[in-house]
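What follows is a short report on a single structure.
Protein chains: 2
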Amino acid sequence: MKITPVKGTNDYLPAQAELRDYLQKTICETYENCGFQRIFTPILEDIENLDKSEGGENLNLIFKVMKRGEKLNKAIATGQPDQIADMGLRYDLTLPLSRYYANNKASLPNPFKVIQIDKVYRAERPQKGRLREFMQCDIDILGSKSSVCEIELIFTTAKALLNIGIDNFKIKINDKRVLKDILLTTGFKEEELDSVCISFDKLNKIQAEGVARELTEKGFDAKVIADFMELVGNAPFSLDYVKTISNNKEYIESLENIIDVSNRLAGGKYSVEYDMTLVRGQGYYTGTVFEIESLDFNSSIAGGGRYDNLIGKFGKEQVPAVGFSIGFERIFSILMERQSGLMEKPKKVVVLYDENQVEEAIMRAEELRGEYSTALYVKPKKLGKFLNKLEEQGYDGFQILGRDEDVRFFEG
Amino acid sequence: MKITPVKGTNDYLPAQAELRDYLQKTICETYENCGFQRIFTPILEDIENLDKSEGGENLNLIFKVMKRGEKLNKAIATGQPDQIADMGLRYDLTLPLSRYYANNKASLPNPFKVIQIDKVYRAERPQKGRLREFMQCDIDILGSKSSVCEIELIFTTAKALLNIGIDNFKIKINDKRVLKDILLTTGFKEEELDSVCISFDKLNKIQAEGVARELTEKGFDAKVIADFMELVGNAPFSLDYVKTISNNKEYIESLENIIDVSNRLAGGKYSVEYDMTLVRGQGYYTGTVFEIESLDFNSSIAGGGRYDNLIGKFGKEQVPAVGFSIGFERIFSILMERQSGLMEKPKKVVVLYDENQVEEAIMRAEELRGEYSTALYVKPKKLGKFLNKLEEQGYDGFQILGRDEDVRFFEG
Numbered sequence: 002m003k004i005t006p007v008k009g010t011n012d013y014l015p016a017q018a019e020l021r022d023y024l025q026k027t028i029c030e031t032y033e034n035c036g037f038q039r040i041f042t043p044i045l046e047d048i049e050n051l052d053k054s055e056g057g058e059n060l061n062l063i064f065k066v067m068k069r070g071e072k073l074n075k076a077i078a079t080g081q082p083d084q085i086a087d088m089g090l091r092y093d094l095t096l097p098l099s100r101y102y103a104n105n106k107a108s109l110p111n112p113f114k115v116i117q118i119d120k121v122y123r124a125e126r127p128q129k130g131r132l133r134e135f136m137q138c139d140i141d142i143l144g145s146k147s148s149v150c151e152i153e154l155i156f157t158t159a160k161a162l163l164n165i166g167i168d169n170f171k172i173k174i175n176d177k178r179v180l181k182d183i184l185l186t187t188g189f190k191e192e193e194l195d196s197v198c199i200s201f202d203k204l205n206k207i208q209a210e211g212v213a214r215e216l217t218e219k220g221f222d223a224k225v226i227a228d229f230m231e232l233v234g235n236a237p238f239s240l241d242y243v244k245t246i247s248n249n250k251e252y253i254e255s256l257e258n259i260i261d262v263s264n265r266l267a268g269g270k271y272s273v274e275y276d277m278t279l280v281r282g283q284g285y286y287t288g289t290v291f292e293i294e295s296l297d298f299n300s301s302i303a304g305g306g307r308y309d310n311l312i313g314k315f316g317k318e319q320v321p322a323v324g325f326s327i328g329f330e331r332i333f334s335i336l337m338e339r340q341s342g343l344m345e346k347p348k349k350v351v352v353l354y355d356e357n358q359v360e361e362a363i364m365r366a367e368e369l370r371g372e373y374s375t376a377l378y379v380k381p382k383k384l385g386k387f388l389n390k391l392e393e394q395g396y397d398g399f400q401i402l403g404r405d406e407d408v409r410f411f412e413g
Numbered sequence: 002m003k004i005t006p007v008k009g010t011n012d013y014l015p016a017q018a019e020l021r022d023y024l025q026k027t028i029c030e031t032y033e034n035c036g037f038q039r040i041f042t043p044i045l046e047d048i049e050n051l052d053k054s055e056g057g058e059n060l061n062l063i064f065k066v067m068k069r070g071e072k073l074n075k076a077i078a079t080g081q082p083d084q085i086a087d088m089g090l091r092y093d094l095t096l097p098l099s100r101y102y103a104n105n106k107a108s109l110p111n112p113f114k115v116i117q118i119d120k121v122y123r124a125e126r127p128q129k130g131r132l133r134e135f136m137q138c139d140i141d142i143l144g145s146k147s148s149v150c151e152i153e154l155i156f157t158t159a160k161a162l163l164n165i166g167i168d169n170f171k172i173k174i175n176d177k178r179v180l181k182d183i184l185l186t187t188g189f190k191e192e193e194l195d196s197v198c199i200s201f202d203k204l205n206k207i208q209a210e211g212v213a214r215e216l217t218e219k220g221f222d223a224k225v226i227a228d229f230m231e232l233v234g235n236a237p238f239s240l241d242y243v244k245t246i247s248n249n250k251e252y253i254e255s256l257e258n259i260i261d262v263s264n265r266l267a268g269g270k271y272s273v274e275y276d277m278t279l280v281r282g283q284g285y286y287t288g289t290v291f292e293i294e295s296l297d298f299n300s301s302i303a304g305g306g307r308y309d310n311l312i313g314k315f316g317k318e319q320v321p322a323v324g325f326s327i328g329f330e331r332i333f334s335i336l337m338e339r340q341s342g343l344m345e346k347p348k349k350v351v352v353l354y355d356e357n358q359v360e361e362a363i364m365r366a367e368e369l370r371g372e373y374s375t376a377l378y379v380k381p382k383k384l385g386k387f388l389n390k391l392e393e394q395g396y397d398g399f400q401i402l403g404r405d406e407d408v409r410f411f412e413g
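Chains Z and X are the protein sequences, given in the same order.
Just so we're on the same page, this note's numbering is the position in the first sequence counted from 1, plus 1.
Just so we're on the same page, this note's numbering is the position in the second sequence counted from 1, plus 1.
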């Protein structure tokens, strides 16, 4: 029997599990306090729903679940791999949310403010060190086009981060409609925009020269590429400057408003800034996109955007939607490294010398449990060594029921 | 695209999700307060670990995950179904716990008191109305043979049930070693005992006549069967009576002690009773077995027992273990039916007439959030209808930011 967990998955030790629980609980309570409602969907989804979804690269990373019984035998007889599975493990929480909304719309408030904190699965190549089972942590607002949603999502997500002890971050925001308008005025054609965005999204990875090279390889006009790269070279720049090169007043003003209100609500705890280079990979974003960057860790810790054309795929009508997702696993590993002592609640132990004292020991533990977590242990052979080990685990008070009914209590 | 969840799984609406969250949280907090520690294991396990495990009937219910890429093509080419999967979804939490303990023993306390609250998967036939994805909720103590463990597990599990509002239950307990000793004195042979236990476990389903018939079909001695069934007919009987027909003083006295101490600790809130007819299906139980029966719902709501030979399968040495599992899904459906009003925390809403009021609206909501969950909504066309719907959802206070900056507040 193999004793290690399967590749790309983790066993979590008690201290790790406690931190994961604490993070989930604090984030979820923050969201609920702000009027969002949690739902649960299955990790198993119909294989056709997954295969037909807008997952981009993720469609190649689906864990597929085999049919069973006679259906399996028939499928194998066809020799076609795509006949063998009837279900798969979800690769994100957005596809299940779209299906859920179509299935349950009549029972849900409109707009629907929803929390999803749950596991997703991707068959990443293990050598890249990526997890194959990981937690996603999303809030979404379905059914409203108002930019009030963006303001609320930014405020609420930042609040959740602050509540779990993450600060020193900035929030970058862009609007793909504004970006596309800039691309148009630079000289790209309407039908080229999506392809340009895909290359431009790699700016941080391959730098400006890399993007220019990729756009050239794609065969775009050299003059247009040069003009665009000059513009990019001047970034960061303000929305006031964008107004001078773009005519798309409506979305620029909306972005300005989101940024101004969000910064005032931030009260100096973080800043919200326009970033014309922000694209976000997912093809389904249709408007605003945003990302939170930790300045301590120089890394993205949350991201999201508006996707007005996705939810409708399951139903008869389009449903505008916007969401923000916290990078749970990134934050978990940051906080594990930081060893912030967040978890150090006082814990006590009652040790009994004699198994016949169990009743008295439980009664004494129950008294302590009004105030502390309190564990019960039968005295092992080496008491001193045992108590030392408990102290390492964070226990700071020991009550010993002695052989002769004496009770000793000492703080560690 | 299919909008319903896959067969045997559920979409949980916000009110259902809130109850599930509350149950998990309350049970977990009770366990942690009593010194148990939560862990997490992956839902994916190596297919060989699953196939070789002691899952009995559950081995036929494993969801298998297909290999990927070139390995999949090679597997399909063999035409052998058992080559196609390399992983599977866990069917319980005991197998992952055994693997986890072998993998992490050096980092864990001894004895290890562990909490597992997590999802498991079984390919049950959907027409039976059984869930294919469901929650299990276990505490286990690994590394101790002491009956202090049984007393603690019974006390702690009962406390968790009381804390979530379940009362009026009784706890039945037996010891398979005592039961087997009774079977021996009745005339069955050592090598027949497991087979007799399997039939006897069906007593509640097929009654005494059914058990007798099955034992007869299995070819056991008619006189022995008749003697045994006469004994069963006289149940319930006391451990004092068992002493007159069995020589196994050690385990009988241990059972007596567990029952006496547990009843005194129960303080009249529930009773713990010897039940010679209790077997529990799982073949891996080696000693005590116990079950909690709801007297309100005439149904088993928790079960467990001692399994001293299972954990060791992954390691070099045997590790004694005992566990107790709450029937989470049974309790969830009981409480959903009862509509106990457990969840009715006061919730408020701030409604804004004009999107430009978003900043003021969020500030006002934040004031309320010190005390209440508070949602924010932009006024829809029909305000009265909208407020009625919110009231149905449990909101009991509304703050309306009016068109002319007036603020109205009223309780629903």
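Each residue gets a CB set at the ideal place from its N, CA and C atoms; glycine is no exception.
In the three-state reduction of the DSSP assignment, Tyr32(X) falls in the helix class, which pools H, G and I. In its chain, beyond the 5 residues on either side, Tyr252, Leu256, Gly288 and Thr289 have a beta carbon closer than 7 Å to the beta carbon of Asp176(X). Residue state for Thr42(X) is assigned as coil, using DSSP reduced to three classes. Residue contact with chain Z for Asp12(X): present (Cβ-Cβ distance below 8 Å to some residue of chain Z). Along the stretch 81-104 of chain Z, going in chain order, the ones with a CB nearer than 7 Å to a CB of chain X are Pro82, Ile85, Ala86, Met88, Arg100, Tyr101, Ala103 and Asn104. For chain X, the residues of the stretch 391-405 of chain Z that bring a beta carbon within less than 8 Å of one of its beta carbons are Leu391 and Gln394, in chain order. Against chain X, a Cβ distance below 9 Å from Asp52(Z) picks out nothing, because the smallest value is about 10 Å. Taken atom to atom, the span from the alpha-carbon of Ile259(X) to that of Asp397(Z) is near 30 Å. At a cut-off of 8 Å, the C-beta of Ile199(X) has no neighbouring C-beta in chain Z. The beta-carbon of Asp139(X) is placed no less than 8 Å from the nearest beta-carbon of chain Z. According to DSSP, residue pairing for Ala303(Z) in a beta bridge involves Ile293(Z) and Ile327(Z). Taking 8 Å as the CB threshold, Asn310(Z) stays off the interface with chain X. For Asn61(Z), no pairing in a beta bridge is given by DSSP. Assignment of beta-bridge partners to Asp47(X) by DSSP yields Met88(X).
A distance of 8 Å or more separates the beta carbons of Ile312(X) and Leu162(X).
In chain order, Pro15 make up the part of chain X whose C-beta sits under 7 Å from the C-beta of Gln38(Z).
Against Thr5(Z), the close residues of chain X are Asn104, in the order they occur along the chain (beta-carbon pairs closer than 7 Å). The Cβ atoms of Ile174(Z) and Gln25(Z) lie no closer than 8 Å to each other. Chain-ordered listing is empty here: chain X has no CB closer than 8 Å to the CB of Val121(Z), the nearest sitting near 11 Å.
With contacts defined by Cβ atoms closer than 8 Å, Gly282(X) and Ile140(X) do not form a contacting pair. For the stretch 350-364 of chain Z, the set of positions with a beta-carbon nearer than 7 Å to some beta-carbon of chain X reads Glu356, Val359, Glu360 and Ile363 in chain order.
Secondary structure of Val225(X) (DSSP, three-state): helix.
In the DSSP assignment, Tyr378(Z) falls within the beta strand (DSSP E) that extends over Ser374 to Val379. Cβ-Cβ distances below 7 Å link Ser145(Z) to Pro112 and Pro321 in the same chain, with the five nearest sequence neighbours on each side left out; the list follows chain order.
Around Gly306(X), the same chain offers Arg281, Tyr286, Thr289 and Val290 as residues with beta carbons nearer than 6 Å, after the five sequence neighbours per side are excluded. Contact annotation: Val212(X) and Phe201(X) have beta-carbon atoms nearer than 8 Å.
In this structure Asn164(Z) is not in contact with Thr245(Z), their Cβ atoms being roughly 40 Å apart against a cut-off of 8 Å. In the DSSP assignment, Asp139(X) is bridged to Gln117(X) and Ser326(X).
Ranking Asp93(Z), Leu14(Z), Leu45(Z) and Arg339(Z) by CA distance to the CA of Ile327(Z) puts Asp93(Z) first. DSSP lists Glu274(X) and Glu292(X) as the beta-bridge partner residues of Lys173(X).
Looking at the DSSP output, Glu134(X) shares a beta bridge with Tyr122(X). Chain Z has no Cβ within less than 8 Å of the Cβ of Met230(X).
What Pro43(X) touches in chain Z, judged by beta-carbon distance under 8 Å, is Pro6, Val7, Thr10, Asn11, Asp12 and Glu134, going in chain order. If you ignore the 5 residues before and after Ser247(Z), its C-beta comes within less than 7 Å of the C-beta of Val179, Asp182, Ile183, Thr186 and Ile253, all in its own chain and listed in chain order. Of the candidates Glu360(Z), Ile293(Z), Gly234(Z) and Val115(Z), the residue whose Cα lies closest to the Cα of Ser263(X) is Glu360(Z). Of all residues in the stretch 62-82 of chain X, the ones placed with a Cβ closer than 8 Å to any Cβ belonging to chain Z are Phe64, Lys65, Val66, Met67, Arg69, Leu73, Asn74, Ile77, Gly80 and Pro82, in chain order.
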